[in-house]
Amino acid sequence: MALPGVGIRSRYRWLPAAPLALALLAVTGCESAPDPAPKPTAGPSTPVARVCAKPAAGPAKAPAGAVTVDPAVVGDLAAKTRSNPPNTTFWLSPGRHTLRPHRFAQVVPKEGNSYLGAPGAVLDGRGTSQYAFGGTARDVTIRHLTVRSFVAPHDEGVVNHDSADGWVIEHSTIRDNSGAGLMAGARQQVRANCLRDNGQYGMNAYKGGGKLRGLVVEGNEITGNNTDDWERKRPGCGCTGGVKFWAVDGADVRGNWVHDNRGTGLWADTNNNDFRIEDNTIEANDGAALIYETSYNAVIRRNTIRRNNWVEGRERAERGDNFPYATVYLSESGGEPRIPARTDKIKIQRNVLEDNWSGITLWENADRFCNSPANTSSGDCTLLVKDTDRCARPGIATEPLHSDCRWKTQRVEVQGNRFLLDKSVVDCTEMCDRMAVLANYGTYPKWSPYRGRGVADAVTHKQHNRWRDNVYVGPWRFVAHDPSRVLDSARWQGAPYRQDAGSTFRAREGG
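Going by this note's numbering, the sequence shown opens with residue -12, and the numbers climb by one from there.
Structure (C-alpha cells):
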C-alpha cells in the first residue's frame, strides 16, 4: 500500500526508497486558559475581493513632480528609471508600454521609486522579455498598472524578480505571464491586486539566501493561475497553484478571493512560521484550498472554503488511493512554543467548509525528517536544528535530537468550524467525506529511529491534536492513525480517540 507525503519536489506521495492578538489555547494546562467555544460562522465575514472585474483606476493626470512615461517610445520606462535619482515617481500615461526587444530587458528601480499607472496603462512584455521589474532596490511602489505577457522561467517571477525588500504592490493587474506573476521580499505589501492566469503561480513568496519576514497579502483576487499545468509537465513537482510561500516568518493573508486555480489555492511549504490566514474566500481550486507543510505556528480562521479539490481528489480516488486527500491539508506542521510567533499552536477556527472534496487532514510522514533521504525538502532541516549533519546516528536516536530532527504535526486545534457536505453537489459516493489524523508505518531509511508505528501513535494520541465544538452537516467519516481505520462519529468521539467533544452531527442532512 502506498501513501502520500508532500515536499518541495513532491506533492502527495509516499517515499519508501529514495492580524489580531489571540489568546493562546493551553495543551498542557500550564500556559494559559482555553479559548471559549466559538460560535461557528455562517458565511464570509468580509466581501469577496472582485478586483479583476473592477480594478481601481489610477490617476488620470501626472501627480505633481512625477516623471511622465511615453508609451510611444520603446523602453522609455527603463531609460527614465536609469536617468532619474532614487525616490522618483513615474506616471505611465495611458497606452501599451514596452521594453527593448530582448529577453533580459527590464526596469531596474532605484530605492524609493514609485510607478503609477494611468487608466489603461499596460506594461507589455510581448512574449519576449522575461522580467518586468527586477533588482535589489528597497521600498519600491507599483500601483494601478497592468503587467502582462512576460515570460519568466519556471520558479521565477515577473514583478520584483529579485525579491527585494519593502515593496508595495497595490491595485495592479498582473496577468498572462509565464512563471510567477510576482515574487516577494521582506516587508512586502500586496494589496487589492488581480493576480490572474499566470503560467505557474500568482505569487511565489521566496527569497533565496535572505529572511522573508513581515509579508502582507490582503484583498487580492488570485485566480486561474498555473495555466501551464506544471504538475502534468513535471509530475510530483509540487510547484503549482495560486500562491506558494517558502520560509516566510510572519505573514498576514487576509480578505483575498482565491479561486479557480489549477492546483492548490494557498500553499505554505517548508519552514514557514507565524501565519494569519483569515477572512479569505477560497473556492473552486482544482486541488486543496490550503496546504501548510513542514511549517509552524498559524491561525487559520473565519475563512469561507468551498468546492475545492474536486479535480485532484477525484483523480486519486478513481485510481483507488485510500488516502484522505483533504481541502485543508497539514503535513508535518504544528505549533512549537520554542519558535517565536503570535501563537504557539496551529488554530483552525470559525471557518466554513462547504462541499469540498473532504475536510481537514493532519498528516505526518514517519520517514520524513531532517537528513533523511525521504525528506523531499532537500537540504532543509527543522527550525530547531541548525546543523543538518547532527541529525544522524547515533545522536538522532536520543533526545533532544530525536524530537527536534523531525517536523511534527502537533498542537493543532480544530475548533468552532462548520463542515457541510452534500455528496450530490460534489458528485461522489465515497472518499470525499473524510476528516483525518494519521501517519504511515515508518520504514525508511534503515537507520531511522522512527520506524514502526511510533509516529502514527504519537500524531493520533500524544501530540495534542484536537477537534472540538464543530458542526457537521452531511455524511462525514473520520480516519485515525492510518488510512485503513475509518470511523463513524460515535467511534471518533469515543475511546481511545475522544475527538470532537461538544460537536454536533447531522449526518442525514445535505450541505
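No residue lacks a Cβ here, since even glycine has one placed at the ideal position from N, Cα and C.
Quantities reported herein were computed from a predicted structural model and do not represent experimental measurements.
According to DSSP, simplified to helix, strand and coil, what is residue i?
i, result
"residue 35", "coil"
"residue 494", "coil"
"residue 359", "coil"
"residue 127", "coil"
"residue 448", "helix"
"residue 138", "strand"
"residue 256", "strand"
"residue 468", "strand"
"residue 369", "coil"
"residue 329", "coil"
"residue 236", "strand"
"residue 231", "strand"
"residue 4", "Interpretation of residue 4 is limited by its pLDDT of 27, a score under 50 that renders its predicted location unreliable; no figure is taken from the coordinates."
"residue 95", "coil"
"residue 298", "helix"
"residue 441", "helix"
"residue 64", "helix"
"residue 12", "Interpretation of residue 12 is limited by its pLDDT of 30, a score under 50 that renders its predicted location unreliable; the figure taken from the coordinates is listed afterwards. Coil."
"residue 305", "helix"
"residue 407", "strand"
Assuming residue i and residue j form a contact by the criterion Cβ under 8 Å, report the distance between their Cβ atoms to the nearest whole angstrom.
i, j, result
"residue 249", "residue 213", "4 Å"
"residue 177", "residue 134", "No, residue 177 and residue 134 are not in contact; Cβ-Cβ is about 13 Å, not under 8 Å."
"residue 185", "residue 170", "About 12 Å separates the two Cβ atoms, so there is no contact after all."
"residue 245", "residue 278", "Actually they are not in contact, since the Cβ atoms of residue 245 and residue 278 sit about 12 Å apart, beyond 8 Å."
"residue 452", "residue 370", "In fact, because the Cβ distance is near 20 Å, the residues do not count as touching under 8 Å."
Measure from the alpha carbon of residue i to the alpha carbon of each residue in the options, then state which is nearest.
i, options, result
"residue 289", "339, 494 and 395", "339"
"residue 310", "336, 350 and 113", "350"
"residue 489", "451, 409, 240 and 405", "405"
"residue 181", "195, 92 and 164", "164"
"residue 239", "247, 173 and 53", "173"
"residue 229", "218, 215, 251 and 242", "251"
"residue 483", "54, 81 and 449", "449"
"residue 153", "208, 444, 96 and 141", "96"
"residue 335", "371, 266 and 408", "266"
"residue 114", "206, 197, 140 and 189", "140"
"residue 436", "357, 456, 480 and 396", "357"
"residue 429", "447, 392, 441 and 419", "441"
"residue 417", "305, 322 and 402", "305"
"residue 84", "234, 66 and 51", "66"
"residue 49", "58, 104, 86 and 454", "104"
"residue 93", "432, 372, 64 and 470", "64"
"residue 142", "188, 478, 79 and 118", "188"
"residue 149", "118, 155, 258 and 108", "118"
"residue 264", "82, 202 and 481", "202"
"residue 470", "422, 162, 160 and 100", "422"
"residue 211", "183, 222 and 233", "183"
"residue 55", "120, 76 and 36", "76"
"residue 253", "227, 433 and 123", "227"
How should residue i be labelled, buried or exposed, when 16 other C-beta atoms within 10 angstroms of its C-beta is the threshold for buried?
i, result
"residue 167", "buried"
"residue 74", "exposed"
"residue 256", "buried"
"residue 231", "buried"
"residue 424", "buried"
"residue 444", "exposed"
"residue 89", "exposed"
"residue 414", "exposed"
"residue 91", "exposed"
"residue 220", "exposed"
"residue 390", "exposed"
"residue 106", "exposed"
"residue 485", "exposed"
"residue 376", "exposed"
8 Å is my cut-off, CB to CB: does residue i come that close to chain C?
i, result
"residue 173", "Annotation note: the requested chain C is absent from the structure, which comprises a single protein chain."
* Asked: How about the region 299 to 317 and the region 379 to 386: do they share at least three Cβ pairs that are nearer than 8 Å?
  -> no
* Indicate whether the contact test is met: 3 or more Cβ pairs, each with one atom in the region 361 to 374 and one in the region 295 to 309, closer than 8 Å. => no
* Below 8 Å, can you find three or more Cβ-Cβ pairs linking the region 326 to 342 to the region 260 to 271? -> yes
* Is the region 328 to 339 touching the region 280 to 287, taking contact as three or more C-beta pairs under 8 Å? -> yes
* Specify whether the region 459 to 474 and the region 393 to 400 touch according to this definition: at least 3 beta carbon pairs, one from each stretch, less than 8 Å apart. => no
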